Amino acid sequence: MTAEDLARSRHDQLSCTPSLNLTPDGECALRSLANDLVDDAVSSFESVMYDQNGILDTKNFQLLKQEFCVVVYRERSKYHALQRSKLRDQIQNSRSTLTSDIESKDVGTERLTPKGLGEIVGPMAHFLAESKVPTLIAIGSVPGTLEEAMLGLSLRDTVAFSALMSSSVKKVLNAQVLATVSDPLQKDTFDYLGVHWTLCAGFGGVCRQMSPRLDQLQLVHSRITATSRGDRIGVCILHAIKHPDVPEMKSSPTRIYTTLALSFREKQDGSLDFMAITSAQSAPPFLYPILLRRVTGMLCSIPHCVDFANSRKLLAMMLSNKVTGGFKSLKEAGLVSSARQRLARRLLPGQCSGCYKISYGISRSFNSSCSICKARVCSRCCVTKKITLSGEQRSKIASVLATIKVMRFCLPCIHAARQLACSQTKLHHDLE
C-alpha cells in the first residue's frame, strides 16, 4: 500500500465521525453544565469589572506583558489549592458514602448525591475540583454592539468553528457538530448549545504526511444574559467534555481539557468590554498562547474589529521608535519598514514605490509618504485612514493617538499590519 493510500484511508477513517445519541437526561445534564459555566463566567466578569472597576488589583493579580498581550496569573494559588483539596476530600467522602449506601441497598446504578459537596453541586463540582487556578488571559475593549459580537462569534457554524481553530501550521481535518441541544423555552437568537469535535493535523515524518495532532471534544455555548447591575452581557464558552461515543485518539494527538469563557459587556459609547478567562487541568506553558491566539481570532471575526485591530497595529508600527522596544511584532514591522526605506532611497524623485511611476509637475503635490516606512506613494498605492480614540486618554499611545487625525500608509505596511493583527491583539487599557 502506497503512502497516498495510507493517507486516504486515514482521512476516510477520521471522516466517519460518530453522532451523539443524547437522552433527555443527557440533554438536561449538558444544559445544567452550561448554566453553571455561564454563572461562573458572569461572576468572574463582575469581580474584575465591578469590584475592581476594570483595573486589576495587584494584590490578587500579577501582570505579564509580552508581545502586546496581557497575561494575568493569580497570586493566591495557595488559597485556591486549599479550596481544591478541600473539595476533593468532600467529593471523595461523598463517593465513599455513596458506595456504602449502594452496598447496603444492593442497588446497581445510582446517581452521585450532592451530600458532602458543600455549596458547589451539579456537573461543575468535579471539574472545579480537578481544575487549576482560573487564569485571566485577556482583557480590553472592542468597538461594536453586543449583537454584532455574538453574531461574529456564532459557533453554531461549522466553517466558522473550523476557521478559529486553524492556524498557519495546522490544517483542520474534521470539525463537525455532533449534537445540538435545543431548549424550546429559549427564544433568543444568539442562544446556542452544542457539542463539537475538532481534529487538527500537522505535517510530520519523512514523507510529510498529514497526521492528527490535536483532538478536541468541546461543549460550545453562547448566550446573552444580564449582570447583577442590569448590564447586558454576552458569554461564549468552549468547555472540554468526555463522551463514550466519541473515541479519543490514542496515538500522537493530545486532547486538551480546558474551559475558555469570553464575556462581553455592552457600553453606552458603542463599544464592548471583553474578558477572557480559562481553567485547565495540568495546563502546559504553551496552552496560554494558544488560547490567546484563539481569543484574538474570535475577536477578529467580529464586524469592525478587523479594521480596529489593523489601525492599532499601524499605530504601534508607526510609534515603534517611541515605545519601549523588544517586542517581536515591532521587530517584524521594523524589517518591513527598513526594506521599504532602502527601496525609497533608490527611487528617483517623484517616483512611486508601489507602481514605480514617475509623476511630474503638479502631480507631485498629490504624492505622499507612508507614515511608517516614509516611502513615497501615489494616491492609487496608498490608503488613507482616520484613526481617532473615543473617550479614554490614559496611556501614552492613547494621548498620541488623540492628536492624529488622518494618516496615509502604503499597501505593504497595510498588509503587514493585517498579518500582525490576526496573530496578536493590542489591548489599549492602561494596565500598568
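No gaps in the numbering here: position 129 of the sequence shown is 130 in my numbering, and each next residue is one more. Note that CB positions come from ideal geometry on N, CA and C, so glycine has one too. Since this is a predicted model, take the numbers as computed values, not measurements.
When rounded, the separation of the alpha-carbon atoms in S354 and K375 is 10 Å.
In this structure, the beta-carbon distance from L273 to A150 falls below 8 Å. Secondary structure at F191: coil, using DSSP grouped into helix, strand and coil. In the displayed model, E267 falls within a strand according to three-state DSSP. Check the Cα spacing between T146 and each of L300, S372, R409, A417: the tightest is with L300. In this structure, L200 sits away from V182, with a CB-CB distance that is not shorter than 8 Å. For L239, the closest of S142, N22, L38 by C-alpha to C-alpha distance is L38. Non-local C-beta neighbours of I234 in its own chain, meaning closer than 7 Å and more than five positions away in sequence, comprise V43, F46, T226, A227, T228, S264, F265, R266, ordered along the chain. For L220, DSSP records a beta bridge to V196, H240. For D274, the three-state secondary structure derived from DSSP is strand.
V196 and K243 have their C-alpha atoms some 10 Å from each other.
In the DSSP annotation of this structure, V143 is not part of any alpha helix (DSSP H); the continuous beta strand (DSSP E) holding it starts and ends at 136 to 144. Each of V178, E249, T190 was checked against the Cα of V221, and the nearest Cα belongs to V178.
Looking from the CA of D184, the closest CA among L31, V49, G141 belongs to L31.
Q217 is not a Cβ neighbour of I278, given a cutoff of 8 Å.
Assigned with DSSP and collapsed to three states, G355 falls in coil, not helix or strand. In this structure S48 is not in contact with L154, their Cβ atoms being roughly 22 Å apart against a cut-off of 8 Å. Excluding its 5 nearest sequence neighbours in each direction, E148 has no C-beta neighbour in its own chain below 6 Å. The shortest CA-to-CA distance from D40 to any of G141, V236, C414, A176 is the one to V236. Taking every protein chain shown into account, the CB of I359 has fewer than 16 other CB atoms within 10 angstroms, so this residue is exposed.
Rounded to whole angstroms, P413 and E249 show a C-alpha spacing of 44 Å. Assigned with DSSP and collapsed to three states, I415 falls in helix.
If you draw a straight line from the Cα of D26 to the Cα of S33, it is about 10 Å long. With a 10 Å radius around the Cβ and a threshold of 16 neighbouring Cβ atoms, C411 comes out buried. Here D232 has R266 as same chain residues with Cβ atoms under 6 Å from its own Cβ, once five neighbours each way along the sequence are excluded. For L21, there is no enclosing alpha helix (DSSP H), as DSSP marks it with neither H nor E. Here DSSP, grouped into helix, strand and coil, assigns A376 to coil. Boundaries of the alpha helix (DSSP H) around S45: 25 to 47. Each residue's CA atom was taken as its position, placing L186 and Y51 some 31 Å apart. DSSP, read as helix, strand or coil, puts M50 in helix.
Within the model, the alpha-carbon separation for T24 versus D192 is close to 21 Å. Excluding sequence positions up to five before and after D189, its CB lies within less than 8 Å of the CB of R224, I225, all in the same chain and listed in chain order. Counting of Cβ neighbours within 10 angstroms places R381 among the exposed residues, the total staying below 16.
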